[in-house]
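Residue numbers (the numbering used here), protein chains in the order written: chain R, 1 to 490; chain F, 1001 to 1490; chain Y, 2001 to 2490; chain V, 3001 to 3074; chain S, 4001 to 4074; chain A, 5001 to 5074. Think of the CB as a built atom: it goes at the ideal place given N, C-alpha and C, for glycine as much as any other residue. Below you'll find the structure, written out as structure tokens, and then a few comments.
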Ligand code: NA
Ligand code: NA
Ligand code: NA
């Protein structure tokens, strides 16, 4: 904030003819745009409230709000270009802007000029060649984990391969276009599929078409466990904020979502909030999802007694077809009324599920679950891998991401378990606390882990179907959390 | 026309230095571009004649014709931008233009300046929030019809879902890009898939790969029934023109094509002639196609006697493989010689059919009929739904579209029936008039309806295969009609 | 070179204020950019050496190198636009350039101005309509060959159909966009899929997922035969260079690659080096691949004795799963260390193979081999067909391409056979020379031909599996050759 | 420190919203379950399955048509 | 009214073209049928089916190759 | 003629590189074969096949889950 005013004044001073009116305008623009940075809880809820569907049905955005939003987006983009040293790109953004008064554009230009004058000093980095070499080893490592250790191979194999391809010197496989030359092909996969949000959303649609919300519908209260497990997201966010300025608020939010244990949600949010960290975040998310059978059991044994683990739950009731068909629409309507920013994710998940449950578009549902999701998975994996460039991955931040991601998984697991124990204190129908750990999502691995640990304590204790309730609720829960983060820091 | 000259003169006056030479130029440009508006039958045939392949093989377009076409396109686009109040967009179009003399560009700029000075008054509309709310209900209604009533669920379920997603306040799921931010994902589906024409054409290829033209080849004269049924298209067009200026000629053509009873053709034509009405037109087309079993039988019973309905047709001859392989190429060649503007549609339909009948590329044919068409159907449905914005749908025009669309179906059905009766008066081989109603396309529903009504009158009367002839001829017929409309009013 | 200096001086002279400093700059720029044109063997190896991964890990490109590369790309593009008479496009390229000093841009502008002044005289061509008519016949001919003669129908049927669609007068199916109007749909297929390199690379991934490198691993030395057969590529290149200036070096390289007998490699290289010849090159490549059973046997019989053809080879050893999994990574690492310019091709081939052999991502591997490759094949075929415009195909160059392509196939076959005979002189394990002819790739046709000719000489002689070794090595070999050509003349 | 406070704010708002959303969803699910069990007679399981009959997959339709044609010919 | 006249013009041209196109198509179909029944001996049904043998699907080919390899090994 | 010389240069460099690449590949394949036959006991054929068990296809997983649910219910 201070930096910006200084820069603005500097710019004004440079041009010589600065009047106090102009200087005031700088502040006004800055205020209009940057005040969002310091929010109180009340402000945050108020902001969320102003972005609910319910509110907006009665108070559609005014012309002024739209202009302010456009200006804020423009300013943020110009600043991002400046701080990356792309002065030409900053000018281009200003040049393309429209529907804004000239003085605002003029001020932005001054800002770029001042920054250009000061010059851009790139951060210290590994020598490029060494960095590429190491990243190729990282890519080979991911492929090894995928094949030999079975770590989420559907994603980690293409991601690892993408990392290798991206870091090949001179090949420019994910480089942008040059005059008269096409860009590298991974550049297209990334910009067309990931930057646009299309690939993660299509994957989410396929996941929806594969998911059965029946267990959740049969025992709705287990949804609370899926809520509790999102605690890991926000603790990791808090941890990232505590790293002494290493991460911006956007970065912190993107890191936190690792705790959602849900690949497409993590990629979607990271591509919007913190594209530079996308590679590391996706790798962390999928790696820990693969490690769920190793991470969760010790926590589960630590926080529960053998008796608790042996609790047998009563059989789930039958859920009618109609309920299952209505459910996706119910969730979508709830989401659009309360949290429109989550509707791309929730909407596509529910579209997939509606296609499956309605039984009238089986051929579309089959395709969404098979050829479409497979095609997109290959391209998404390669595109995510293309973000594993040395300068984005080989730094202290990645270690922070890995540590915070692990913490998020652990805390999410613990929160789910503890809420389940608390529910047992309150409700009469006993819940086996192990199914609380399935609330982190990582569908369906976490539910299987709950089942396995439950069987150890009581060989008659089949928890799988019970754990699927919190498991799928956790998917909704982390999409909701992503929506909140998009609305507040996006 | 008058408006344009006034505006041009106004603009010239504004700049002060207007000379009579410039004023004359205004008229010249205007004439060059706008004379197409008032056409006589002779002119129309002459224009079509100049756009046949036969003529153009001998008289390829001259450089002048190309410049005139470019200027006309530019002018039309600039005017469209102006009339939507996008002055910045209008300038951008002029700025991007190339290969045109400066004076033309200067005149266009004057036109934009004059319009900008006058200001833009948006049409009266429902409050945005209320409109969105209602459209979400419309989306839910479409989904209800798709699932509970089985109305063309393959298209109406995604369209309904797309309508909901589009109208969620603040979510911007089909909004254009902002600086540094991606557009909503449905925006990409629409621009990349529908605006470009790619999605409807790929669907048409899949339809071609699913279609057997054997029944048509076995009894060629039934193709006439498929021609007669296109009468509904042009009556609906006429009706739209009679609505006192509610619809432009482009709009009227796009509305008429509902009577073609063919989804991809309707979407393709509407996306080119009248994108604002695309949502309503697609919804009307698919809804009435689903309602064919309800719309057609009363008309069939009204216009035919029980004896006519009981007519048994003689068995279809065997059609050789070679004939079936040659057929798609025959149609394509005929189309490129006579009506090149229909070749994108006819071409892709025939490519699909050739892939199927040739039996040498079965894996491509299978993919075109399955995964490819399914993937495209999901995306096309969502993209069409994204055009169901409140301001485009909740207006008097939509009612007009629904009424005219229904009229088109009814008239098309009647025309097919009546021509069949006429043919019975002339030819010796009797035709059951019921198969005439299948000429509206709505493949294969209309053929099934003909069969069912025929069975009621005579339990030995299997008309299905006979009705498939006019049914598939109707697909070709409406693609030809679309080509004529594209050539004359596109 | 001389032309450019003249032009530069002319331009400088035009503006009047030319100083010797500026004139020197012209030369400097010219030298920096054009010296690549005359290379000696030592220079070539040095250039390749500077583009190996090994070198670049230690010496990443400096800022200066990057600027020089950018300038060279810009200059090449501007010159290409000028020589096609697109002066507006040339200015646009200069306008979009960034990060370059003004004087370079100024010189480029002078160059365009000089060319503009001189005017552009398009080469003599057939009348447009006649050309289109003939090309439609060519398209029908390709479809006939595909269906009736079974010439690579998976590609030649869509290519032929694309050729017809492209050449329909007035339909503009592969024309670029006009203001406010979309481009023809084949334009999108070409720019998005072929120009970007995405389609051929996805096909190559599918080919990788279908290929078993086991026979090569079981008998590694047969890889030499796959190397020898690439001789055809370079002889054809030499032939093209000898055509008295009919072909540029880029054209010659793109023509040579026909001898690689590998569709995706040929399309990928031609789209980068010589897009104007792409259509003819792809048609030649696929046609000759289909003709392998006719082209190869006479050469095989000519160059081998009956005794040689009757040689039975010893049974192949068993290859472990682990070796097969490691192989694609081995090839990729070798390629990135030695020839990064080949890594897009080799990388995608090996990604497909890794997906297949690792057995952990079977659903991705299945999709890559089926729906994905089929979808891409349809679109790629149509897009390649869209390059069969009359002015690009109906000229003397196409005859050159057809003759040189055939020569490439013949010489490649002969080279493979002869090296196999030489190996028999040196090694103790006898090799049946017939498998040398399979080194041209044309997988798996060439291997089948070798098997068939072998069986004629000795009914107990099953060569198929032995011939698969050189066959798949030939795929790698031609991708390597493509990489060399991209690095040296790209 | 201020940054940390922002994190706490996000956490409070985020967890509150997640819980609120899922609690509302539980209420909605319970209501839906109550509604559909009360009016179960209106939504027989068969009805839903029968629905697609109206607008089935064109392929299937055409397949039927062709089968009929072949049957007649054969 | 003028607008309506334009509609009539479009209808006349459109229906005429549609009929003309399909009448020509009928003629073409009848000619094709006559041609192929006259020269049926030149286009045996088998020939067409046999054609793909030359340029079959690489997958199938490779499958054959691999089967052969395995057979020999086993 | 100069152009032709350039072609010769390209041929020499190209064929040398192709051969060099494939010779290196042969060496690598032989080394790999030697390595894996020496340490074959470390890479049992089964191990590789067993690997995916950890991170299988979600569909399959869910299918299993659902089957279990149905089994219990039924
Ligand atoms: Na989650
Ligand atoms: Na029709
Ligand atoms: Na080859």
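Between the alpha carbons of residue 353 of chain R and residue 2271 of chain Y lies a distance of about 42 Å. Distances from the CB of residue 2475 of chain Y to the heavy atoms of ligand 3 include at least one below 7 Å. DSSP places residue 2178 of chain Y within a strand segment (E or B) once states are collapsed to three. In this chain, the alpha helix (DSSP H) harbouring residue 2153 of chain Y covers 2153 to 2166. Taking a contact to require three or more Cβ pairs closer than 8 Å, the segment 1261 to 1275 of chain F and the segment 1199 to 1216 of chain F qualify as touching. Chain R places a beta carbon closer than 8 Å to that of residue 3028 of chain V, counting this residue as a contact. Set against 7 Å, the gap from the CB of residue 2449 of chain Y to the closest heavy atom of ligand 3 is not smaller.
Taking the Cβ atoms as the reference, residue 5014 of chain A lies roughly 42 Å from residue 2171 of chain Y, outside the contact range of under 8 Å. Counting only the Cα atoms, residue 2374 of chain Y lies some 9 Å from residue 1365 of chain F. Close to residue 187 of chain R, with beta-carbon spacing below 8 Å, lies no residue of chain F; the smallest spacing is near 15 Å.
Membership of residue 1266 of chain F in the alpha helix (DSSP H) is indicated by the continuous run 1263 to 1273. For residue 1361 of chain F, the shortest C-beta to heavy atom distance toward ligand 3 is 7 Å or greater. Contact note: residue 2113 of chain Y does not reach chain F at a C-beta cutoff of 8 Å; the least C-beta distance is about 16 Å. Here residue 1396 of chain F is exposed, its C-beta having fewer than 16 other C-beta atoms within 10 Å. Distance from residue 1355 of chain F to residue 1209 of chain F at the Cβ level is roughly 6 Å; contact confirmed, criterion being Cβ atoms closer than 8 Å.
At a cut-off of 8 Å between C-beta atoms, residue 1477 of chain F counts as an interface residue with respect to chain S. Excluding its 5 nearest sequence neighbours in each direction, residue 2229 of chain Y has C-beta neighbours in its own chain below 6 Å: 2412, 2415, 2416, 2439, 2440, 2474, listed in chain order. Residue 2388 of chain Y has its alpha-carbon roughly 10 Å from the corresponding atom of residue 2161 of chain Y. The three-state reading of DSSP puts residue 391 of chain R in helix, counting H, G and I together.
None of the residues of the segment 1300 to 1317 of chain F has a beta carbon lying less than 8 Å from any beta carbon of chain R. Taking 8 Å as the CB threshold, residue 2128 of chain Y lines the interface with chain F. Using a CB distance cut-off of 8 Å, residue 4034 of chain S does not count as an interface residue toward chain F. Sixteen is the threshold: when 16 or more other Cβ atoms of the shown chains lie within 10 Å of the Cβ of residue 1446 of chain F, as they do, the residue is buried. Out of Y/2221, Y/2301, Y/2236, Y/2185, the CA that lies nearest to the CA of residue 1199 of chain F is found in Y/2185. Not a single C-beta of chain Y is nearer than 8 Å to the C-beta of residue 1294 of chain F. For residue 2232 of chain Y, the three-state secondary structure derived from DSSP is helix. In the DSSP annotation of this structure, the continuous segment of the alpha helix (DSSP H) that includes residue 1088 of chain F starts and ends at 1087 to 1096.
Residue F/1297 holds the alpha-carbon nearest to the alpha-carbon of residue 1454 of chain F among F/1297, F/1127, F/1393, F/1232.
Among the residues facing chain F, residue 2182 of chain Y is included, as its CB has a counterpart in that chain under 8 Å away. Leaving aside the five residues that flank residue 2044 of chain Y on each side, the residues in its chain whose CB is nearer than 8 Å to its CB run, in chain order, 2488. Check the Cα spacing between residue 1064 of chain F and each of F/1082, F/1088, F/1078, F/1099: the tightest is with F/1099. Taking C-beta separations shorter than 6 Å and ignoring five residues to either side along the sequence, the partners of residue 1485 of chain F in its chain run 1253, following chain order. Within the same chain, and ignoring the five residues on either side of residue 1073 of chain F in sequence, no residue has its Cβ closer than 7 Å to its Cβ.
Nearest C-alpha to residue 2280 of chain Y among Y/2256, Y/2319, Y/2122: Y/2256.
Residue 2125 of chain Y counts as exposed, since fewer than 16 other C-beta atoms from the protein chains shown sit within 10 angstroms of its C-beta. Classified as buried, residue 5026 of chain A has 16 or more neighbouring CB atoms from the shown chains inside 10 Å of its CB.
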